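Asks: What follows is a single structure, and I will ask about it in a moment.
So this is what it looks like as structure tokens:
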């Protein structure tokens, strides 16, 4: 199965171009192209994330920078035991007819469906888009957007549901209500999960942050958490977030006994990426006078008016059964503490290639207000 997430317009354009060919030579190019996209996804993802973080004050972020990941086998629940539901749809105006070869190959290679829609009827178009997203994620993502604009351009919608399963579960009885502190705002009540185990851990005293790596089921991927030592906005950490810096942190991880406390998470976020893509200089495809998607429609008058990336994310206690034998040893004595009661950054990483599959931040979890913060 191909896992496709439209994270940057450059990747979309390249994917569209590649999907229009069917020759053996082009298929080889497609394969090479997939490898290149996987190699570059981290830098692209971090750059996009940083642009979004600058204007998303006090909002959660969740994006997947991976565009082509079939070679990483991340989307097969039989081998990963991780829930991925990825769906992509290209909405074209009702006046456009898509070229058959484009429809066939973009579906085959990029798991992208196509639909014609009348953006003149804004209510009908809105309902159609949101209903498709809800259905394709089994109801986990009920809404992509609250409104659509009247346009003669095309719209790409990316709908995703992700739920990690831990390599070793949290015990359901080790869950209680704790406070999560939102900087310069208030504290909310969250369900906090607790467990002690051996994890990759690095305490970066220079940058005043901790890095925790927790394996997911079958240990083919892992979840990384980057958290400042104290309650603070994340902009300081986000400025450091590059592929080079991440590699430095990963290289310093050591297997360590860690007492982990994580909030249960259920979040739905939707980002219209067009603004951020334009900030990255990827402007031609969204410029009606310059765009050329003739390979898609046979005409040069089609352009992209919106690029929506919507994600639903959950994690809870679920995972493989605990290895209780470790508790009879001395390995868990004097554990380090990773207590996630304030904002943090999270990533999902493929263990074999170090490809970043998912990146986000938790600033404001769901929960009832407990008290104001000073």
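Residue numbers (mature numbering (1 follows the signal peptide of the UniProt record, and there is no 0)): -18 to -1, 1 to 356.
The C-beta atom is built at its ideal place from N, Cα and C for all residues, glycine as well.
The structure displayed is predicted, hence computed values, not measured ones.
(1) Measure the alpha-carbon distance for residue 272 versus residue 108 and round it to whole angstroms.
(2) Please give the ranges of any alpha helix (DSSP H) in the region 214 to 279, keeping only runs that are unbroken, at least 4 residues long and fully inside the region.
(3) Reducing DSSP to helix, strand and coil, say where residue 127 ends up.
(4) Residue ranges of each beta strand (DSSP E) run of no fewer than 3 residues wholly in the region 144 to 196, ordered along the chain?
(5) From the DSSP output, read off the bridge partner residues of residue 288.
(6) In whole angstroms, give me the CA-to-CA distance for residue 134 and residue 82.
(7) On the three-pair Cβ rule with 8 Å, is the region 252 to 268 touching the region 209 to 227?
(8) Count the other CB atoms within 10 Å of the CB of residue 158; is the residue buried (16 or more) or exposed (fewer)?
(9) By the three-class DSSP mapping on this structure, what secondary structure does residue 357 have?
(10) Residue 136 and residue 235 - do their beta-carbons sit closer together than 8 Å?
(11) So, is residue 342 buried or exposed, given that buried needs 16 or more other C-beta atoms within 10 angstroms?
(12) Using CA atoms only, rank isn't needed, just tell me which of 187, 146 and 77 is closest to residue 206.
(13) In three-state terms, what does DSSP make of residue 349?
(14) Tell me which same chain residues have a C-beta within less than 7 Å of the C-beta of residue 198, skipping the five on either side of it?
(15) Under a three-way DSSP split, which group does residue 42 fall into?
(16) Are the Cβ atoms of residue 245 and residue 163 separated by less than 8 Å?
(17) Is it right to say residue 169 is buried, meaning 16 or more other beta carbons lie within 10 angstroms of its own, or is it exposed?
(18) Helix, strand or coil, according to DSSP, for residue 296 in the structure here?
(19) Buried or exposed: residue 324, going by 16 or more other Cβ atoms within 10 Å of its Cβ?
(20) Over the uninterrupted beta strand (DSSP E) stretch that includes residue 206, give me the two end residues.
(21) Per DSSP, residue 25 forms a beta bridge with which residues?
(22) What residue range is occupied by the uninterrupted alpha helix (DSSP H) comprising residue 118?
(23) In angstroms, rounded to a whole number, what distance separates the CA positions of residue 185 and residue 232?
(24) Quick check on DSSP: helix, strand or coil for residue 302?
(25) Looking at residue 101: is its Cβ nearer than 8 Å to the Cβ of residue 130?
(26) Return the CA-CA distance between residue 58 and residue 240, expressed in angstroms with no decimal places.
(27) On the CB-based measure, 16 or more other CB atoms within 10 Å of its CB, does residue 353 come out buried or exposed?
(28) Tell me which same chain residues have a C-beta within less than 6 Å of the C-beta of residue 182, skipping the five on either side of it?
(29) Using the beta-carbon count (16 or more within 10 Å), is residue 237 buried or exposed?
(30) Just confirm the distance between the C-beta atoms of residue 116 and residue 293, as a whole number of angstroms; I'd bet it's less than 8 Å.
Replies: Put simply:
(1) Approximately 27 Å, taken between the alpha carbons.
(2) DSSP runs (the alpha helix (DSSP H)) wholly in the region 214 to 279: 217 to 222, 225 to 233, 256 to 261 and 276 to 279.
(3) If DSSP states are grouped into helix, strand and coil, residue 127 belongs with coil.
(4) If we require 3 residues or more, the beta strand (DSSP E) runs fully inside the region 144 to 196 come out as 157 to 163 and 168 to 186.
(5) Answer is 137, bridged to residue 288.
(6) Note on geometry: alpha-carbon atoms of residue 134 and residue 82 lie some 21 Å from one another.
(7) No, they do not touch.
(8) Label assigned to residue 158: exposed.
(9) As displayed, the chain neither begins before -18 nor continues past 356, which places residue 357 out of reach and without an answer.
(10) No; because the gap between Cβ atoms is not below 8 Å, this pair is not in contact.
(11) It is buried - the Cβ of residue 342 has at least 16 other Cβ atoms within 10 Å.
(12) It is 146 whose Cα lies nearest to the Cα of residue 206.
(13) In this structure, residue 349 counts as coil in the three-state DSSP scheme.
(14) The answer, listed in chain order, is 64, 146, 147, 148, 149, 204 and 205.
(15) Coil, per DSSP.
(16) Going by C-beta atoms, residue 245 is not nearer than 8 Å to residue 163.
(17) It counts as buried.
(18) If DSSP states are grouped into helix, strand and coil, residue 296 belongs with the strands.
(19) It counts as buried.
(20) That run of the beta strand (DSSP E) goes 203 to 210.
(21) Per DSSP, none; premise fails for residue 25.
(22) Counting along the chain, the alpha helix (DSSP H) containing residue 118 begins and ends at 104 to 118.
(23) Cα to Cα, residue 185 sits roughly 12 Å from residue 232.
(24) In the displayed model, residue 302 falls within coil according to three-state DSSP, outside both helix and strand.
(25) In contact: residue 101 and residue 130 (Cβ atoms closer than 8 Å).
(26) Low per-residue confidence applies at residue 58: pLDDT is 36, beneath 50, and the placement is therefore not dependable enough to give any value.
(27) Exposed.
(28) Result list for residue 182: 195 and 235, in chain order.
(29) Label assigned to residue 237: exposed.
(30) 13 Å between Cβ atoms; not a contact.
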